[in-house]
């Protein structure tokens, strides 16, 4: 659906995007992740034909940019950051206008608008003036606008920015639902969002791609989690034996409660040491009352990849 | 008119008619027009025979002052607001050509501009009814006068549109277009002062007030028509160039 090669955007002040390449396959829901000012919006604006790239090739929805800009724009649904809308228009009227502009035929328009209103939970406010809507509803109008011409590819720039927790939750559900039969590229700097909705993440920092992989693989790239165990054993012996397991990189004693000692056992990146640790405990016949794995979180990956 | 242009134009006119500024302008225009017209009639009542009411009306100070002030106010928000609120991004990521966007804004504001002159037509109609004269308002000078109002309006509106694409600040846009329009309008008067015949002829070519005087007397001249139309096209193209340039800069 999206093929980007060596994409560069240079401004008078410097480079916002520095020769990035990535692709998004049909049916994927991909999170475009990065700290503020990493180049996410600039990249998305280039994908939607709004900004001409300084260098590089872009192919979106089977058409090349910037040559087939009109074709690309017709085939994608784009929700810009901050969702700019005309405040004086009514919701339904706005969607009809946008749908017609995106070449929905006169015969189909009311059906398409009705569908977009339903999907985004806007049916109750269809006659309201956009300027009087809350932020959450305005965000939905933006999404309905992106959907109204039934595009196969959605590009959403920070779709949940500025929403309250309830709104964020329902918005994510909506995006998940939409992702079932569409390709979605969404940018965000909220990590839990990617964890909840996306199958794959592209992490961008300072105009460069730092990583592009499934969430599971990304998590493996940093410490694949640490094990926390609490056993009854001699502290020095236990620590030594745990350290001897070949894939363990670090053993830290956390605390003692009577005879019980708890350890944090950290594995080498990408390794799973649960089996070995379990085997050791059984061989040594240490009484065990806690065995817990701290999952590596996307946040750790993110921080590790984007720190200076 | 292409389909996209028609949809954009409808939205543009809707946007203008939904803004309070439109109705304030329409009211003020009617007031000033009415005042100006009654002064013309008062002038004629003193027994003036050498001018028709139309010649006076389109020559009077109010009329031109209004035109120079009016256009910057009409055009200042056209692009500035879209850039300021970011709706320009939404607009230009829809499958529409830049040219259609510019043309729709131009034709939309031109439509409203022409609406604003309707009250002045009413004044002339009332004059016709009240005076019971056979042909006090002749059709040809009337047509020519409003043709001139349209042509001058087209050029000034395109200048205003150009100023509006330069900045996201409406006041700045208004000031730029006011300056350009005022310079263009008043430089015509220099033809009274310049001695060099070549320059004088050149300045006469852009002397809107004199052109209006001959048009409202029913004398047609094709040169101003060419001047205003080509000027309009020039500023519309310039607007497009700036719009493309702004995107290159990001």
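Residue numbers (our numbering), protein chains in the order written: chain Z, 766 to 1073; chain V, 424 to 673.
Glycine is no exception: its CB is placed at the ideal position from the N, C-alpha and C atoms.
1) I'd like to check one pair, residue 611 of chain V with residue 590 of chain V: are the Cβ atoms closer than 9 angstroms?
2) Give the secondary structure of residue 892 of chain Z by DSSP, where H, G and I count as helix, E and B as strand, and everything else as coil.
3) Hey, could you find the ends of the beta strand (DSSP E) residue 531 of chain V is sitting in?
4) Are the C-beta atoms of residue 951 of chain Z and some chain V residue less than 9 angstroms apart?
5) Determine which residues share a DSSP beta bridge with residue 1025 of chain Z and list them.
6) Specify whether the stretch 484 to 494 of chain V and the stretch 813 to 826 of chain Z touch according to this definition: at least 3 beta carbon pairs, one from each stretch, less than 8 angstroms apart.
7) Is residue 519 of chain V close to chain Z, meaning its C-beta is less than 9 angstroms from at least one C-beta of that chain?
8) I need the DSSP call for residue 926 of chain Z, collapsed to helix, strand or coil.
9) Could you tell me which whole alpha helix (DSSP H) segments of length 4 or greater appear in the stretch 1032 to 1064 of chain Z?
10) Using a beta-carbon distance below 9 angstroms, is residue 814 of chain Z in contact with chain V?
11) Could you list the residues in the stretch 509 to 542 of chain V with a C-beta less than 9 angstroms from some C-beta on chain Z, going in chain order?
12) Please identify, using Cβ separations under 7 angstroms, the residues of the stretch 812 to 846 of chain Z that lie next to chain A, in order along the chain.
13) Can you check whether the C-beta of residue 445 of chain V is within less than 9 angstroms of a C-beta belonging to chain Z?
14) Counting only Cβ pairs nearer than 7 angstroms, list the residues of chain Z close to residue 671 of chain V.
15) Only counting the same chain, and skipping five residues up and downstream in sequence, which positions put a Cβ closer than 8 angstroms to that of residue 627 of chain V?
16) From residue 1011 of chain Z to residue 1054 of chain Z, what distance separates their C-alpha atoms?
17) Just mark residue 776 of chain Z as buried or exposed, buried being the case when its beta carbon has 16 or more other beta carbons within 10 Å.
18) Write down the C-beta distance between residue 607 of chain V and residue 629 of chain V rounded to the nearest angstrom, noting that I regard them as a contact closer than 8 angstroms.
19) Pull out every residue of the stretch 430 to 456 of chain V whose Cβ sits closer than 9 angstroms to any Cβ of chain Z, in chain order.
20) Per the DSSP calculation, residue 855 of chain Z is bridged to which residue(s)?
21) Between the alpha carbons of residue 922 of chain Z and residue 438 of chain V, how many angstroms are there, rounded?
22) Quick check on residue 794 of chain Z: buried or exposed, where buried means 16 or more other Cβ atoms within 10 Å of its Cβ?
23) Expressed to the nearest angstrom, what Euclidean distance is found between the alpha-carbon atoms of residue 450 of chain V and residue 900 of chain Z?
24) Expressed to the nearest angstrom, what Euclidean distance is found between the alpha-carbon atoms of residue 791 of chain Z and residue 916 of chain Z?
With the given structure in hand:
1) Taking 9 angstroms as the Cβ cut-off, residue 590 of chain V and residue 611 of chain V do not qualify as a contacting pair.
2) It is coil, neither helix nor strand.
3) Looking at the DSSP string, residue 531 of chain V is not in any beta strand (DSSP E); the run it does join, the alpha helix (DSSP H), is 521 to 539.
4) no
5) Looking at the DSSP output, residue 1025 of chain Z bridges to Z:997, Z:1022.
6) no
7) yes
8) coil
9) 1039 to 1049
10) With its beta carbon less than 9 angstroms from one in chain V, residue 814 of chain Z belongs to the interface.
11) 509, 510, 511, 512, 513, 514, 515, 516, 517, 518, 519, 520
12) Structure shown: chain A not included; protein chains present are Z and V.
13) no
14) 817
15) 611, 614, 633
16) Taking C-alpha positions only, residue 1011 of chain Z is separated from residue 1054 of chain Z by approximately 24 angstroms.
17) exposed
18) 7 angstroms
19) Residues of the stretch 430 to 456 of chain V with a C-beta atom less than 9 angstroms from some C-beta of chain Z are 430, 431, 433, 434, 437, 438, 441, 442, listed in chain order.
20) Z:894
21) Rounded to the nearest angstrom, the two C-alpha atoms are 26 angstroms apart.
22) buried
23) 35 angstroms
24) 12 angstroms
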